[in-house]
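K.L.:
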Amino acid sequence: MAERSFAKEVEKLRLGAGEEFAGEGILAITKALLQCGVGYVGGYQGAPISHLMDVLADAQDILGELGVHFEASASEATATAMLAASVHYPIRGAATFKSTVGTNVASDALANLASGGVTGGALIIVGEDYGEGSSIMQERSHAFAMKSQVWLLDPRPNLPSIVKAVEDGFELSEISNTPVMLQVRIRCCHVHGHFIAKDNKRPPMTVADALEAPRRDTGRIVLPPASFLHEKEKVQKRWPAAVDFITRNKINEFFGSDHGSVGIVMQGGMYNSVIRALQRLGLADTYGDTDVPLYVLNAVYPLTDDEFLAFCEGKQAVLVVEEGQPNYIEQAFAAMLHKAGRGTRLVGKEHLPMAGEYTGQVMLDGIGAFLRAEAPHLLPGEVRAPNKVGDGVDTADLINVVPGRPPGFCIGCPERPIFAATKLVEQELGKHHIASDIGCHLFSIMPPFELGATTMGYGLGPASASAFNSPDAKRRSISFVGDGGFWHNGLTSSIGNAVFNKNDGVIVIVDNFYSAATGGQDILSSRAGNRTKSTKHPITEAVKGMGVKWLRHVDRTYDVGKMQDTLREALTADEKGPKVIVASSECMLNRQRRERPLVDKAIKDGTRVVKPKFGVDEDICTGDHACMRLSGCPSLSVKSLDDPLRDDPVASIDQNCVGCGNCGEVADAAVLCPSFYRADVVHNPSRWDRFLEATRRATIGLLQRRRESRRLIFADA
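Residue numbers for the sequence shown, in the numbering used here: 707 to 1423.
#1: Rounded to the nearest angstrom, how far is the Cβ of Ile-957 from that of Asn-883, given a contact under 8 Å?
#2: Find out if the Cβ-Cβ distance for the pair Thr-1161, Gln-751 is shorter than 8 Å.
#3: For Asp-1386, which residues does DSSP report across the bridge?
#4: Alpha carbon to alpha carbon, how far is Pro-863 from Val-897?
#5: From which residue to which residue does the beta strand (DSSP E) around Met-759 run?
#6: Give the straight-line distance between the Cα atoms of Ser-867 and Ile-732, rounded to the nearest whole angstrom.
#7: Can you give the Cα-Cα distance for Ile-1465 and Thr-1241, rounded to whole angstroms?
#8: Could you check if Phe-934 is buried or exposed, using at least 16 other CB atoms within 10 Å of its CB as the buried criterion?
#9: Can you list, in chain order, the residues of its chain whose CB lies under 6 Å from that of Ala-916, leaving out five sequence neighbours each side?
#10: Jot down the residue ranges of each uninterrupted beta strand (DSSP E) in the segment 1046–1095, minimum 3 residues, whole runs only, in chain order.
#11: When you compare each of Asn-1175, Asn-955, Arg-1262 and Gly-994 to Val-1216 by their alpha carbons, which one comes out closest?
#12: Could you tell me whether the Cβ atoms of Gln-889 and Thr-1238 are closer together than 8 Å?
#13: Quick one: residues in its chain with C-beta nearer than 6 Å to the C-beta of Glu-1080, no 5 flanking neighbours on either side, listed in chain order?
#14: Select from Ile-797, Met-759 and Ile-1201 the residue whose C-alpha is nearest the C-alpha of Gly-773.
#15: With His-775 as the anchor, note down where its beta strand (DSSP E) starts and where it stops.
#16: For Thr-1246 and Gly-839, I'd like the C-alpha separation in whole angstroms.
#17: State buried or exposed for His-757, treating a residue as buried only when at least 16 other CB atoms are found within 10 Å of its CB.
#18: So what does DSSP say about His-896, is it helix, strand or coil?
#19: Do Val-1027 and Val-998 have their C-beta atoms within less than 8 Å of each other?
#20: Between the beta-carbon of Ile-755 and the beta-carbon of Thr-786, is there less than 8 Å?
#21: Straight-line CA distance for Gly-1361 to Pro-1318?
#22: Looking at the secondary structure, which residues open and close the alpha helix (DSSP H) in which Thr-802 lies?
#23: Go through the segment 1204–1279 residue by residue and report every complete run of the alpha helix (DSSP H) that reaches 4 residues or more, in order.
#24: Please look up how many angstroms separate the CB atoms of Cys-962 and Leu-1009, rounded, as I've assumed it's under 8 Å.
#25: Classify Ala-1159 as helix, strand or coil using the three-state DSSP reduction.
#26: How about Val-886 and Ala-1126: are their beta carbons less than 8 Å apart?
#27: Given Pro-1086, which residues of its chain have a CB within under 6 Å of its CB, disregarding the five upstream and five downstream residues?
#28: Quick one: what's Met-887 bridged to in DSSP?
#29: Within 10 angstroms of the Cβ of Ala-914, are there 16 or more other Cβ atoms? Answer buried if so, exposed if not.
#30: On a CA-only basis, which of Asp-1189, Leu-1157, Val-941 and Leu-740 is nearest Pro-663? Give me that one, please.
#31: Do the segment 840–852 and the segment 804–823 make contact, defined as three or more Cβ pairs closer than 8 Å?
#32: Who does Gly-1110 pair with in a DSSP beta bridge?
#33: Work out the CA separation of Ala-783 and Gly-808 for me, nearest whole Å.
#34: Is DSSP giving Leu-819 helix, strand or coil here?
#35: Exposed or buried, which one is Asp-1097 when buried takes at least 16 other CB atoms within 10 Å?
#36: Is DSSP giving Gly-1136 helix, strand or coil here?
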């Protein structure tokens, strides 16, 4: 169950020639694929490209009508390997995944695909996850394009340019027999706009047609001696064909004046930010028109010498706007100028940061510094002096004023009690080496749990603890892997590896029924039915099949006591070999998405509905806040009392509480104060409910009056 449904939006994919398409970037990419006659699509979800997978999943009826095959791939490597269907057959195929972790996983398949080359167009849509909104290490896709000789497009962030880039990508791939990567950043994925649609095309050859007429060409199979010829073919045939196509079809764009003493070269994805900076400097209008010469690289690899050198003609200095490090484009352009003996001065990282996202303020400062140094006459008088432009706030000031807010688990998250139990076990048995993994459970490294020492890749948590399998060790390691990572890579790389090497560590598989961290998509072990996918395959059965002998299944992670006992048993058991605990409870976000509409409808229809709510008795709470140090739930906070005799704030549960009960379970397991209580809120109460409520109120009122009368008697005495 994905975090968002595109069931209504995908109907726009049926628009025909001449009709206006309006929507989000990811929806435009899907429409472009259909207009280009794509034959098959595969991919793996991950920000900022997750919604593209969700759109494709919701559009399967439309894809089916056109004969387009769609798969939610097991991993990025699987998605890239799918493109093998375009090696021998003239079928256009596309794969999509998050970069750079996805590109890392896919690199082996990508290298093989690029070596043999393709017959049909092969397009890899990469969600470039670079910058402050990223959830991963900071790297660029560019290196993979250069390494494997895959062409890389980086379109301007507007819908017409995005759609054109998809069209250009397929044509470029076919003409040069090379797979093409289409790089789309978060702003590109989620930008809104419109374009004039074309008719969808049924692929001239479907994958079903290909099965009826098998083909093979040993020249495209990556084995010696053909593999030695592939490298020559890349340089002597494919590269010139790509450069010719890029130049002839004017893939890269020129804006601004044809003449000028300075110019700016940029990645296509940087165009909007550059124009905004020029606008704030008084050098561009609202529509982006400017007199500053601009060279926009919608194709960032390969670069074309003739275009760049022609752009530099007559210019004393050119600024290269290239986000990230290393500065591959700047280095390539510097080499071109040197070989051509040109005197144009090339600058880039002198005025712009070596690394980090080029935000609006960063771009403004960098371009402003370049123009003040090289062409101050272009700038209005009031902005010629440094630090005279901009409305940004000093980051250092913000750090001193705004407290740090580490990411944490959602309200009611079923993973939080797992780590509360881990902390409680460590209080008994001492500290352990804990290996973390990619996924929601990685938030356990942050306060209040502060567990975990490493994270080496999706599904590789237990693998990263394998070096600690020492026969002399007197303490076992603990490692975590999520259900998404388990099916992506962990079954073999972590579980199989542990079994084969007789690893004696403890492995906790966090099973929340979905690929929750990427948006709640279904996976093999999801317990809900899926119309087009096979689900309900238990993780426990897969683990047994890999040869694990010591296996425990906790089917309700909110039972902190049971989780604690199971972890203690695993850490102290006499049996050798991997100890695997499958800790299962449904992701609360997905559960709320599923249940809330049903509950709201039931209440509206007059049906009796009971909602549990938890609270803290202020008279009992001592204010030591130990419950928070083992819970960390966003709905569990503090509250100051009006009582002048009590200075410390007490624990308090706000209205965001979803009634999971974890706070009370933790308090019980940790032998904390009994101040937590549960109250059931009854909507549309029955006559019996009303009678019980009246009886309770009357009884409580009677007891209160009785207590008050006794107090007065003792006071008089």
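Think of the CB as a built atom: it goes at the ideal place given N, C-alpha and C, for glycine as much as any other residue.
P.N.:
In short, the structure shows the following:
#1: Here residue 957 refers to the residue found at position 251 of the sequence shown. Here residue 883 refers to the residue found at position 177 of the sequence shown. The Cβ separation is near 18 Å, so there is no contact.
#2: On the sequence shown, residue 1161 is found 455 positions in, with the first residue counted as 1. On the sequence shown, residue 751 is found 45 positions in, with the first residue counted as 1. Cβ distance not < 8 Å, so Thr-1161 and Gln-751 don't count as in contact.
#3: Along the sequence shown, one-based indexing puts residue 1386 at 680. DSSP output for Asp-1386 lists Pro-1318 as bridge partner(s).
#4: As a first step, residue 863 is located in the sequence shown; it is residue number 157 there, counting from the start. As a first step, residue 897 is located in the sequence shown; it is residue number 191 there, counting from the start. For Pro-863 and Val-897, the distance between alpha carbons rounds to 7 Å.
#5: For the purposes of this step, residue 759 is taken as the residue at position 53 of the sequence shown. Met-759 -> not in any beta strand (DSSP E); alpha helix (DSSP H) instead, spanning 756–764.
#6: Against the sequence shown, residue 867 aligns to sequence position 161. Against the sequence shown, residue 732 aligns to sequence position 26. Their Cα atoms are separated by approximately 13 Å.
#7: In the structure as shown, the chain begins at 707 and stops at 1423. Residue 1465 is therefore absent and cannot be evaluated.
#8: By 1-based counting over the sequence shown, the position of residue 934 is 228. Counting Cβ neighbours within 10 Å, Phe-934 comes out exposed, since fewer than 16 surround it.
#9: Sequence index remark: in the sequence shown, residue 916 carries index 210 (1-based). Result list for Ala-916: Tyr-795, in chain order.
#10: 1051–1053
#11: Counting from 1 along the sequence shown, the entry for residue 1216 is found at position 510. Comparing Cα-Cα distances from Val-1216 to each of Asn-1175, Asn-955, Arg-1262 and Gly-994, the minimum goes to Arg-1262.
#12: As a working mapping, residue 889 is identified with position 183 in the sequence shown. As a working mapping, residue 1238 is identified with position 532 in the sequence shown. No. Outside cutoff.
#13: Position 374 of the sequence shown holds residue 1080. Closer than 6 Å at the Cβ level, and outside the excluded window around Glu-1080, lie Val-968 and Ala-1023.
#14: Within the sequence shown, residue 773 is the residue found at index 67, counting from 1. Of Ile-797, Met-759 and Ile-1201, the residue nearest in Cα terms is Ile-797.
#15: Indexing the sequence shown from 1 puts residue 775 at position 69. Where His-775 is concerned, the enclosing beta strand (DSSP E) stretches over 775–778.
#16: Locating residue 1246 in the sequence shown gives position 540, counting from the first residue. Locating residue 839 in the sequence shown gives position 133, counting from the first residue. When rounded, the distance between both Cα atoms is 35 Å.
#17: Here residue 757 refers to the residue found at position 51 of the sequence shown. It is buried - the Cβ of His-757 has at least 16 other Cβ atoms within 10 Å.
#18: On the sequence shown, position 190 is the one that residue 896 refers to. DSSP places His-896 in helix when its eight states are reduced to three.
#19: Residue mapping note: residue 1027 aligns to position 321 of the sequence shown, counting from 1. Residue mapping note: residue 998 aligns to position 292 of the sequence shown, counting from 1. Not in contact: Val-1027 and Val-998 (Cβ atoms no closer than 8 Å).
#20: Position 49 of the sequence shown holds residue 755. Position 80 of the sequence shown holds residue 786. No, the Cβ-Cβ distance between Ile-755 and Thr-786 is not below 8 Å.
#21: The residue you call residue 1361 lines up with position 655 of the sequence shown. The residue you call residue 1318 lines up with position 612 of the sequence shown. As written in the sequence, residue 1361 is Gln, which differs from the Gly given in the question. When rounded, the distance between both Cα atoms is 12 Å.
#22: Translated into positions along the sequence shown, residue 802 becomes position 96. Premise fails: Thr-802 lies in the beta strand (DSSP E), 799–805, not in any alpha helix (DSSP H).
#23: 1245–1251 and 1266–1278
#24: What you label residue 962 is simply residue 256 of the sequence shown in a count that begins at 1. What you label residue 1009 is simply residue 303 of the sequence shown in a count that begins at 1. The identity of residue 962 in the sequence shown is Gly, whereas the question assumes Cys. Contact flag wrong, Cβ pair sits at about 20 Å.
#25: Against the sequence shown, residue 1159 aligns to sequence position 453. Ala-1159: coil per DSSP, three-state reduction.
#26: Locating residue 886 in the sequence shown gives position 180, where the first residue counts as 1. Locating residue 1126 in the sequence shown gives position 420, where the first residue counts as 1. Going by C-beta atoms, Val-886 is not nearer than 8 Å to Ala-1126.
#27: For the purposes of this step, residue 1086 is taken as the residue at position 380 of the sequence shown. Only Gly-988 meet the Cβ criterion.
#28: Numbered from its first residue, the sequence shown carries residue 887 at position 181. Partner(s): Ile-830 and Leu-858.
#29: Counting from 1 along the sequence shown, the entry for residue 914 is found at position 208. Exposed, since its Cβ has fewer than 16 Cβ neighbours within 10 Å.
#30: Nothing can be reported for residue 663: it is not among the residues displayed for the chain, which extend from 707 to 1423.
#31: yes
#32: To locate residue 1110, count along the sequence shown from 1; it is residue 404. According to DSSP, which records beta bridges pairwise, Gly-1110 is partnered with nothing at all.
#33: What you label residue 808 is simply residue 102 of the sequence shown in a count that begins at 1. What you label residue 783 is simply residue 77 of the sequence shown in a count that begins at 1. So the alpha carbons of these two residues sit roughly 8 Å apart.
#34: Position 113 of the sequence shown holds residue 819. Note: Leu-819 maps to helix in three-state DSSP.
#35: Taking the sequence shown and counting its residues from 1, one reaches residue 1097 at position 391. Low per-residue confidence applies at Asp-1097: pLDDT is 47, beneath 50, and the placement is therefore not dependable enough to give any value.
#36: Taking the first residue of the sequence shown as position 1, residue 1136 is located at position 430. Correct three-state label for Gly-1136: coil.
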